[in-house]
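Below is one structure, written out as structure tokens; the observations come after it.
Protein chains in written order, with my numbering: chain V, 46 to 464; chain Z, 41 to 507; chain L, 44 to 298.
Here it is, written out as structure tokens:
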């Protein structure tokens, strides 16, 4: 090989190498973009729900009420008959089979939707109005364009008659899409159109608060001790080794810990944010200790010496002078640790947060789910409608995480001091 | 109730603080002596003596109160001569008793349950009152002790700081406690498991089908049942599945991660780096349940359809799909760590190589990477450890059937998937099935521990060279 | 003997680091097969200058070079020049010895293997031996070629770096304060080596030590604040400088 050929070969190798690098970076970025795109495209439709306009006449007779009903009366009365009667007026139907088909266009909660409206707006007694009642899951998916209507009738759940009603109702503008408040207000449900993340949101909130309240102080104190007061002996080494190990233990092992000790030995209530919070706090502890120690280490010795020279005790110099300077870096690390805890699923599954929880929990010892666990549970469901709900939940979860990370980065940049 | 107690402790402590502070002031004016610390510290001292012992007692009491009451009632139940209950039945009855007490029991109320609820009620009130008495007397004792000390003009600031340092030390012990807790809870159940199943059958057996384990009580296994069980808990297919999926993941993550790390450390301009590094790190911040969902929803079906078109039989829960998505998740672990490690190779080495007439890629390939190798290997090992311990992606995208195979188009299961599957659903807590989950957890814990240890040794060796 | 052939000719050389200018209109001739010393106070551009000769400043993003440097009458401040080949013909030894974390053998064979100078192992062995001999290191390391280069003493490491520079058969060797990190005995060995090397190579040496310049060089250039103040034979510069500033520096009035 001549000199020229060799040099050319070497430069080609250089170009190829650089190309591999660029390709890898681009691929990684593409993965991110693709993932987010798929989730968002599948999830955005969940923020709307399909409704059907139904005319309801709240006559006293239809509700078997006496004149001037009290609030209690309104709550205790049966709404079933009024609801069915109004539903059947939406479309011309003959015979039981067609009636059933019409009623199945609606989500099975129609009775309660009518009831809730009147209780909230009692002035409508004896008046007529048009209510937007939630459509069934199949209708919802059909209206959003996700339903395979081209399939032969025996292979789908919506029969031809229902399809015909749907088309006519669309023509008459009786079907519409509105903002899906159920997504945020309601708890879990077997029916996708009625399912919401209300329970999971509150569950995650309680869990994170407990995680924060437990892990933050203990982590800070532990870091202060290890960084400022611990003597260089074997116990300290042992503690440090433990912390580094714990940071790398798979999260599912913490789930086993929670199951074995918190639920087993201490008999705490299953499926609650309390237990989840404690479990996640133990997991988050090392992840806060490590950045906190780094921040403490970064404070120059001159600060400590300055305080000591003025006659402060060691404790005073640490608490009054060093720790305040290390707080920004620590906060940053804490927020990132919390963000990781927010997204954890495996340990929570093991401590039982897979319960089907319909009611929104009111205290941390009520059983609940959390956002990521809700994602897991819904992803196991067969109904098509859950796909968009799951994706929407992921969107909401990701936005929390992004916000938390932004705050952490902002804090770090704003308070970063270059010594 | 506990909330009230906490508030009371708070009020007492505050009062003690005020009292301690004023007391020391009185002492110094009446005896006109100098005091050893600022008055506030005497206040803190007394407040700590008031609060700390009470809080500790409250905490310990609350932790154990429930189990003790349960134990007492369970004992009464198990002494019933008419029916001999298993521990699970006792559990069930206990839960009914508690719901009856709480007013939301809707089943048939037997005499036993009624009696149990009354017992529960009385136990609870005894517990409550003794708790209050204990706390009050503790508070009185400790406060008195504290006042005595103050009157003797102790070095309050010194003592307070000592208590504070002790508190700090206690917090750092939590890490050890956690590790101990993990090992204890894993070992406890695993030992129960290994009393039923031979450890060699577990570690080296090649057939995993826990559904066959109907036995409730490990000590009551008959010989035939044992022979059957012997073949139900062989975890080799799990180890293989875990390793296989991790291998697929690393095949994706190592090239992409390493090359991105190299590109960003050596070639990229500051602008490009500022832009791409955070985006790639987003991959690390996305919860794994999202990856799992993505794999089950998009990647798995895609491979199956694609395979069908090529005439191949691809499971919709293929190891390939799970491994690929896991690999994407691991990319930032490899790329970030490699980036840092490469950046810390001193510039003088590169200069030496350029001066001899090497191109940039030759310098990287033959000088920089070999110099950074221990650090890079360390980061890869840490990534492998992450892959092995990963749960959600495999639970949602990989299979549930233990399958010893090297075909990535089939579905296999992993250690973590099985742990979840064994513990979810209605399981009796003391069966070999649930115990095996802990045994698996123990194996996982040690495997990742060893990997992490080796990885850190590598990184340490590298740092020694250049720091 | 003082030769008259100009190997390297710098003309109107201006170098900028970002907005800051480091060299101002430098004009300097380096003559072939002799040692040219560059002296002057710290930070006045000597290192910058020699790094221009083998285009090492390209590694620094914000560095901009204007002007001309010709080697053997060929312009090298030119985008089209193949830097890799250029550096094959110019060797560089740095202030702090920087052997690769490889074996002694691999340190030397690195350059030749990249440029394809050996067809087989025995050729490479020969190149390694020759380079180490020329760098006066062979006797000390010939029995431990497999040991890491970083395990040698400071002086030995620097001679290893010189051997590495020589291994690719350069015509010019640039030395940037090669002895500043070494003890006097190691320094003396290297100065001896330089004296021997000038028979085969053109050498430019940046040095802080004026006595070193006197000992090893035939020509000397005096830099101050990025400008070349005076350049002449070493004898003239040190016995009878033409410029007052040179006189002041040599007599220790500043720097």
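Cβ coordinates follow ideal geometry from the N, Cα and C atoms, glycine included.
The structure presented is a predicted model; accordingly, all values stated were derived computationally and were not measured.
* To do: Taking all protein chains shown into account, decide if residue 136 of chain Z is buried (16 or more other Cβ within 10 angstroms of its Cβ) or exposed.
  => Sequence index remark: in the second chain, residue 136 of chain Z carries index 96 (1-based). By the neighbour-count rule (16 or more Cβ atoms within 10 Å), residue 136 of chain Z is buried.
* Asked: Which chain V residues sit within Cβ distance under 7 Å of residue 115 of chain L?
  -> For the purposes of this step, residue 115 of chain L is identified with residue 72 of the third chain, where counting begins at 1. Within chain V, no residue comes near residue 115 of chain L; the closest Cβ sits about 17 Å away, beyond 7 Å.
* So which of V/381, V/389, V/321 and V/166 has the shortest CA-CA distance to residue 306 of chain V? -> Residue mapping note: residue 306 of chain V aligns to position 261 of the first chain, counting from 1. Ranking the options by Cα distance to residue 306 of chain V, first place goes to V/321.
* To do: Can you say whether residue 44 of chain L is buried or exposed, counting buried as having 16 or more other CB atoms within 10 angstroms of its CB?
  => Working through the third chain from its first residue, we reach residue 44 of chain L at position 1. Confidence is the limiting factor: at residue 44 of chain L the pLDDT is only 48, short of 50, which leaves the residue's position unreliable, though a coordinate-based value still follows. Residue 44 of chain L comes out exposed.
* Asked: Helix or strand or just coil, what does DSSP make of residue 142 of chain Z?
  -> In the second chain, residue 142 of chain Z corresponds to position 102, counting from 1. Helix, per DSSP.
* Which first and last residues belong to the beta strand (DSSP E) in which residue 78 of chain L is found? -> Numbered from its first residue, the third chain carries residue 78 of chain L at position 35. It spans 78-82 - the beta strand (DSSP E) in which residue 78 of chain L sits, taken as one unbroken run.
* Asked: By DSSP, does residue 95 of chain L sit in helix, in strand, or in coil?
  -> By 1-based counting over the third chain, the position of residue 95 of chain L is 52. Helix, per DSSP.
* To do: Please compile the residues from chain Z whose C-beta is within a distance smaller than 7 Å of the C-beta of residue 271 of chain V.
  => Here the question's residue 271 of chain V lines up with position 226 in the first chain. Chain Z residues near residue 271 of chain V: 212.
* Would you identify the three-state DSSP class for residue 98 of chain V, choosing helix, strand or coil? => For the purposes of this step, residue 98 of chain V is taken as residue 53 along the first chain, with counting starting at 1. DSSP places residue 98 of chain V in strand when its eight states are reduced to three.
* Asked: At least one CB of chain L closer than 8 Å to the CB of residue 55 of chain V: is that the case?
  -> One-based indexing of the first chain puts residue 55 of chain V at position 10. Yes, residue 55 of chain V counts as interfacial toward chain L.
* **Residues from the segment 84-108 of chain L in contact with chain Z, defined by Cβ distance under 7 Å** => 97, 99 and 102
* **residue 72 of chain L versus L/257, L/157, L/109 and L/47, residue with shortest Cα-Cα distance** => Translated into positions along the third chain, residue 72 of chain L becomes position 29. The shortest C-alpha separation from residue 72 of chain L is found at L/47.
* CB contact check: residue 303 of chain L to chain Z, cutoff 8 Å -> Residue numbering for chain L in the displayed model covers 44 to 298; residue 303 of chain L lies beyond these limits and cannot be assessed.
* Taking the alpha-carbon positions, what's the residue 115 of chain V to residue 122 of chain V distance? -> For this step, residue 115 of chain V is matched to residue 70 along the first chain. For this step, residue 122 of chain V is matched to residue 77 along the first chain. Taking the straight line joining both Cα atoms gives about 11 Å.
* Asked: DSSP on residue 137 of chain L, reduced to helix/strand/coil?
  -> By one-based count along the third chain, residue 137 of chain L stands at place 94. Residue state, collapsed to three classes: coil.
* Less than 8 Å between the CB atoms is what I'm expecting for residue 332 of chain V and residue 385 of chain V, so what's the real figure, rounded? => Sequence index remark: in the first chain, residue 332 of chain V carries index 287 (1-based). Sequence index remark: in the first chain, residue 385 of chain V carries index 340 (1-based). The pair is a contact, with the Cβ atoms about 7 Å apart (cut-off 8 Å).
* Touch check for the segment 421-436 of chain Z and the segment 478-493 of chain Z: three-plus C-beta pairs under 8 Å? -> yes
* Can you tell me which of L/262, L/251 and L/173 puts its alpha carbon nearest to the alpha carbon of residue 297 of chain L? => Reading the third chain from its first residue, position 254 is the one you call residue 297 of chain L. Nearest C-alpha to residue 297 of chain L: L/251.
* Using 10 angstroms around the beta-carbon of residue 128 of chain L, count the other beta-carbons present and answer buried if the total reaches 16, otherwise exposed. => For this step, residue 128 of chain L is matched to residue 85 along the third chain. Exposed is the call here.
* chain Z partners of residue 134 of chain L, CB-CB under 8 Å? -> Translated into the one-based positions of the third chain, residue 134 of chain L becomes position 91. Within 8 Å Cβ-Cβ: 395 and 396.
* Between which two residues does the alpha helix (DSSP H) harbouring residue 229 of chain L extend? -> The residue you call residue 229 of chain L lines up with position 186 of the third chain. Taken as a continuous stretch (DSSP letters only), the alpha helix (DSSP H) holding residue 229 of chain L covers 227-240.
* chain L contact residues for residue 402 of chain Z, given Cβ-Cβ distances below 7 Å -> Locating residue 402 of chain Z in the second chain gives position 362, counting from the first residue. Here the neighbours are 157.
* Residues near residue 507 of chain Z by beta carbon distance below 6 Å, same chain, minus five either side -> As a first step, residue 507 of chain Z is located in the second chain; it is residue number 467 there, counting from the start. Summary for residue 507 of chain Z: the model assigns pLDDT 49, below 50, so the residue's position carries little reliability; its value from the coordinates is reported in the next sentence. Cβ within range, chain order: n/a, list empty.
* Beta-carbon neighbours of residue 139 of chain L, restricted to chain Z and to distances below 9 Å -> Taking the third chain and counting its residues from 1, the one referred to as residue 139 of chain L is at position 96. Correct list: 388.
* **Under 8 Å from the C-beta of residue 51 of chain V: neighbouring residues of chain C** => Among the protein chains in the structure shown, which are V, Z and L, there is no chain C.
* **Those residues which DSSP pairs with residue 135 of chain Z across a bridge** => Your numbering for residue 135 of chain Z matches position 95 in the second chain. Partner(s): none; residue 135 of chain Z has no beta bridge.
* **Which residues DSSP lists as bridging residue 217 of chain L, in chain order** => Position 174 of the third chain, counted from the start, is the residue given in the question as residue 217 of chain L. Answer is L/135 and L/247, bridged to residue 217 of chain L.
* Asked: For residue 179 of chain V, which of helix, strand or coil comes out of DSSP?
  -> Taking the first chain and counting its residues from 1, the one referred to as residue 179 of chain V is at position 134. Reduced to three states, the DSSP call for residue 179 of chain V is strand.
* Shortest alpha-carbon distance to residue 153 of chain V belongs to which of V/292, V/138 and V/128? -> Within the first chain, numbered from 1, the residue matching residue 153 of chain V stands at position 108. Per the Cα distances, V/128.
* Pairing CB atoms from the segment 404-422 of chain Z with CB atoms from the segment 222-231 of chain L, are three or more of them under 8 Å? -> no
* **chain Z contact for residue 85 of chain V (CB, 8 Å cutoff)** => One-based indexing of the first chain puts residue 85 of chain V at position 40. Closer than 8 Å: no.
* Check the Cβ of residue 174 of chain V against every Cβ in chain Z and list those closer than 8 Å, keeping chain order. => If you number the first chain from 1, residue 174 of chain V lands on position 129. Those do not exist, as residue 174 of chain V stays about 37 Å from chain Z at its closest Cβ, beyond 8 Å.
* Is residue 453 of chain Z near residue 442 of chain Z, with beta carbons less than 8 Å apart? -> For the purposes of this step, residue 453 of chain Z is identified with residue 413 of the second chain, where counting begins at 1. For the purposes of this step, residue 442 of chain Z is identified with residue 402 of the second chain, where counting begins at 1. Closer than 8 Å, so yes.
* Measure the CB-CB distance between residue 247 of chain Z and residue 73 of chain V and report whether it falls below 8 Å. => The residue labelled residue 247 of chain Z in the question sits at position 207 within the second chain. The residue labelled residue 73 of chain V in the question sits at position 28 within the first chain. Not in contact: residue 247 of chain Z and residue 73 of chain V (Cβ atoms no closer than 8 Å).
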